[in-house]
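**Student:** Okay, handing you the structure first.
Numbering (the UniProt record's numbering), first residue to last: 1 to 231.
What follows is the structure, given as structure tokens:
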């Protein structure tokens with residue numbers, strides 16, 4: 001697309017919407033642990049800007065093409081997998097740490113523990129709730145390089161299943177701390193920190209440098225929300 005056509009497209013997008021039907025649409029790619037955390041701000045700002053908000057599941061791959069062709073407006077990524085090009089703004093929002101979450105069925109085994117290291121994880125049955133395979137998960141790759149692995153006992157794709165699973169069976173879930181902090185009901189849940197630099201993770205965001213103003217305001221609101229958890 002030539003420069004003048006791109007400028008015209010952006011102007012029409014700002015004034016009249018994204019598509020031929022004139023509706024505004026904002027498409028954001030989210031890791032599953034951020035769904036509940038960001039839903040309130042996405043719903044609120046979508047209503048404010050009279051826009052349709054579409055949440056897409058994050059996959060551990062580059063999203064450059066979708067950003068450049070405007071089929072996606074914002075990518076929130078874990079891990080540093082995104083290709084940096086001049087047409088896209090890329091930033092590290094902040095970092096957090098992984099924690100172990102468990103319920104009453106496992107409490108007797110962990111009542112004297114104050115923290116866990118990565119080697120400890122192999123001694124517990126785990127719930128795995130990510131849309132990518134265990135072989136593509138950074139925590140499990142690091143464990144494999146160290147010569148051990150955590151056994152999986154329950155595999156799902158919805159973080160809302162984590163709490164009832166660990167409350168009903170002696171299972172452990174390894175999650176980003178913001179997911180737990182954002183939970184409205186923590187009854188029956190217990191947490192332990194994970195030690196070591198492997199337990200630290202970052203969140204990144206990437207969007208078009210030419211993003212129109214109303215979408216930039218929405219992205220700013222998302223950034224502010226994330227920075228209350230990721231520092």
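Glycine residues also receive a C-beta, built at the ideal position from the N, C-alpha and C atoms.
Predicted model only: the values in this text are computed from it and were never measured.
Residues in the same chain with beta-carbon distance under 7 Å from residue 79, minus the five sequence neighbours each way, listed in chain order, please.
**Tutor:** The residue given as residue 79 occupies position 79 in the chain shown. Taken in chain order, the residues that qualify are 60 and 138.
**Student:** May I have the straight-line CA-CA distance separating residue 105 from residue 172, to the nearest angstrom?
**Tutor:** For the purposes of this step, residue 105 is taken as residue 105 along the chain shown, with counting starting at 1. For the purposes of this step, residue 172 is taken as residue 172 along the chain shown, with counting starting at 1. So the alpha carbons of these two residues sit roughly 10 Å apart.
**Student:** Using the Cα positions of residue 177 and residue 200, report the straight-line distance between them to the nearest angstrom.
**Tutor:** In the chain shown, residue 177 corresponds to position 177, counting from 1. In the chain shown, residue 200 corresponds to position 200, counting from 1. So the two alpha carbons sit approximately 10 Å from each other.
**Student:** According to the Cβ coordinates, are residue 115 and residue 67 closer than 8 Å?
**Tutor:** Here residue 115 refers to the residue found at position 115 of the chain shown. Here residue 67 refers to the residue found at position 67 of the chain shown. No; because the gap between Cβ atoms is not below 8 Å, this pair is not in contact.
**Student:** Run through DSSP, which three-state label would residue 90 get?
**Tutor:** Position 90 of the chain shown, counting from 1, holds the residue named residue 90. In the structure shown, residue 90 sits in a strand (DSSP, three-state: E or B).
**Student:** Do you know whose CA, among 32, 44 and 34, lies nearest residue 218's CA?
**Tutor:** Position 218 of the chain shown, counted from the start, is the residue given in the question as residue 218. Checked all of 32, 44 and 34; the closest Cα to residue 218 is 44.
**Student:** So, helix, strand or coil for residue 75, using DSSP?
**Tutor:** On the chain shown, residue 75 is found 75 positions in, with the first residue counted as 1. Reduced to three states, the DSSP call for residue 75 is strand.
**Student:** Could you tell me which of 77, 25 and 70 sits nearest to residue 57, measuring between CA atoms?
**Tutor:** Along the chain shown, one-based indexing puts residue 57 at 57. Nearest of 77, 25 and 70 to residue 57, Cα basis: 77.
**Student:** How close, in whole Å, do the beta carbons of residue 64 and residue 88 come, if the pair is a contact with beta carbons under 8 Å?
**Tutor:** Sequence index remark: in the chain shown, residue 64 carries index 64 (1-based). Sequence index remark: in the chain shown, residue 88 carries index 88 (1-based). 7 Å between Cβ atoms; contact.
**Student:** What's the gap between the Cα of residue 164 and the Cα of residue 197?
**Tutor:** The residue labelled residue 164 in the question sits at position 164 within the chain shown. The residue labelled residue 197 in the question sits at position 197 within the chain shown. About 29 Å.
**Student:** Do you know offhand how far residue 157's Cα is from residue 185's?
**Tutor:** Counted from its first residue, the chain shown places residue 157 at position 157. Counted from its first residue, the chain shown places residue 185 at position 185. In a straight line, the C-alpha of residue 157 is about 20 Å away from that of residue 185.
**Student:** Of the residues 23, 32, 25 and 38, which one's Cα is nearest the Cα of residue 223?
**Tutor:** In the chain shown, counting from the first residue as 1, residue 223 sits at position 223. Looking at the Cα atoms, 38 is the closest of the given residues.
**Student:** Checking the sheet assignment: what are the DSSP bridge partners for residue 25?
**Tutor:** Counting from one through the chain shown, the residue named residue 25 turns up at place 25. DSSP lists 52 as partners of residue 25.
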